[in-house]
Every structure is written in C-alpha cells, then in structure tokens.
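Novice:
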Amino acid sequence: MKKFLALQCRGLNTRMISQLRKGNAKVVWKIDWLGRKTYDLIKLMVEWKEMGVDFWSISEGIGTSAKMGRLWYMLVLSLRKIKEILVEWTLAGMEAARQEAEYAVAQEG
14 MKKFLALQCR GLNTRMISQL RKGNAKVVWK IDWLGRKTYD LIKLMVEWKE MGVDFWSISE
74 GIGTSAKMGR LWYMLVLSLR KIKEILVEWT LAGMEAARQE AEYAVAQEG
C-alpha cells in the first residue's frame, strides 16, 4: 500500500512540475520529497531558474528566489552527496570486514 501511494504521489508531483510556469513556486516540506538523486535536483533547480520558477523547502528554510537561497540549496545538496558517499563506503567496509572474518574462520577450521 505504501509503495502504491509513493508511486501515486510521484506521478502527481511529475504532472505538477510539468505545469509550472514563470512566477510559480514549488513548495515542499523537505528537499528529499522533490527527488532522490542529487544530480536530478540540481538539474531541476537550473531548469526552474531559467523558467523563472522559485523553489521553497519549508523544513530546511531554503528559498531559491535570492542568491543566498540558491547557494544554501547547493550546499545542502553537496552535503547530501557526501552523505551518500560515506554510506556507500561504510557499507563496503562492513562487507569487506565480514568477508575477511569469514576467511579467517575458514582458515582456522
């Protein structure tokens, strides 16, 4: 049921984004609700800036109508990307440690 609702909301979001016009603003509670991939979020912001559409994230307090808001948006996305990389490295390190432990146990037995 949750997956269905998420897909339905994603479809509504896509349709709403396609209807944005100059002078409109897209408001979300959190940047994550707009998209998952950092590249896609940056691309959206650039497209909307060219279209004259503002973006507001309520929980992060970011609005792209001013230069400082656009800078803050990019900083948040950069930190998000760093977090993704750190999670990836951590998971890879945990997997390597697990495999090393399995190898050590196999060598003892």
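Take 14 as the starting number for the sequence shown in my numbering and just add one per residue.
Positions of the beta carbon are idealized from the N, C-alpha and C atoms, including for glycine.
Only a predicted model underlies this, so the values are computations on that prediction, with no experimental measurement involved.
Would the beta-carbon of residue 67 fall within 8 Å of that of residue 77?
Specialist: Their beta carbons are under 8 Å apart, which means residue 67 touches residue 77 by this criterion.
Novice: Using alpha carbons as the reference points, say which of 58, 29 and 65 lies closest to residue 36.
Specialist: Selected option, being the one with the closest Cα: 65.
Novice: If you follow the beta strand (DSSP E) that residue 69 is part of, which residue opens it and which one closes it?
Specialist: Residues 67–70.
Novice: Among 59, 63 and 82, which residue has its Cα nearest to the Cα of residue 69?
Specialist: Checked all of 59, 63 and 82; the closest Cα to residue 69 is 82.
Novice: Indicate the three-state DSSP secondary structure (helix, strand or coil) for residue 38 in the structure shown.
Specialist: Strand, per DSSP.
Novice: Spell out the partners DSSP gives residue 76 in its beta bridges.
Specialist: DSSP output for residue 76 lists 69 as bridge partner(s).
Novice: Considering only residues of the same chain and omitting the five flanking positions on each side of residue 72, which have a CB-CB separation below 8 Å?
Specialist: Same-chain partners within the cutoff: 42 and 43.
Novice: Alpha carbon to alpha carbon, what distance is there between residue 88 and residue 55?
Specialist: Using only the alpha carbons, I get a separation of about 11 Å.
Novice: Specify the secondary structure class of residue 47 as computed by DSSP and reduced to three states.
Specialist: Residue 47: coil per DSSP, three-state reduction.
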